[in-house]
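>
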Amino acid sequence: MKFIREDFKRVNLEPGKYYYQIKTQILEIDIEPCAGGFCVAIYYPDQKLAFPKKCTNHEGYDQSINSLVGERREETWDKALKIAGELFDKFPFVP
């Protein structure tokens with residue numbers, strides 16, 4: 007499955023903390039800012055991980071995605087979207 011940024015809704019947790027999400031009745035796909043760019047996770051409705059989280063792991067990052075700019079930020083998003091698609095394709099039952 008190929009995702010685009012607009013597929014994901016921003017979920018605000020508290021000031022300065024958020025993640026991006028696609029939620030259906032049978033799964034939730036999250037893209038979460040982290041020190042390596044983004045972590046991507048798929049959860050079942052009971053909030054158990056369907057697979058281990060995967061990180062974009064862009065080397066040299068020691069800050070959150072908020073501090074990335076321009077091309078590097080887009081690269082990181084592209085990698086996160088690709089990982090989300092790969093994990094989604096492995097999901098045993100797709101909505």
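Counting in our numbering, the final residue of the sequence shown is number 101, and the numbers go up one at a time with none missing. Every residue gets a Cβ at the ideal spot worked out from N, C-alpha and C, and that includes glycine. The model shown is predicted, which means the values in this text are computed figures rather than measured ones.
Would the stretch 26 to 36 and the stretch 50 to 63 be scored as touching if the rule is three or more Cβ pairs under 8 Å?
The stretch 26 to 36 is in contact with the stretch 50 to 63.
> Do Ile28 and Ala86 have their C-beta atoms closer together than 8 Å?
Cβ atoms of Ile28 and Ala86: not closer than 8 Å.
> Considering only their Cβ atoms, is the gap separating Ala41 from Phe97 smaller than 8 Å?
Against a cut-off of 8 Å, the Cβ pair of Ala41 and Phe97 comes out as no contact.
> Once you ignore the five residues that flank Asn18 on each side, which residues in its own chain have a CB closer than 7 Å to its CB?
Counting only Cβ-Cβ distances below 7 Å, and skipping sequence neighbours, we find Tyr24.
> Under the three-state reduction of DSSP, which class applies to Leu93: helix, strand or coil?
The answer is helix: DSSP assigns Leu93 an H, G or I state.
> Mind reading off the beta-carbon distance from Asn63 to Gly43? Whole number of angstroms is fine, and I expect it under 8 Å.
Rounded, the Cβ-Cβ distance is 7 Å, consistent with contact.
> Look up Ser70 in the DSSP assignment and say whether it is helix, strand or coil.
In this prediction, Ser70 scores a pLDDT of 49, lower than 50, which makes its location untrustworthy; no coordinate-derived value is stated.
> Ordered along the chain, which non-local residues of its own chain (more than five positions away) have a Cβ less than 6 Å from that of Lys60?
Closer than 6 Å at the Cβ level, and outside the excluded window around Lys60, lie Val46 and Ile89.
> Tell me Ala47's beta-bridge partners as DSSP assigns them.
Paired residue(s): Asp36.
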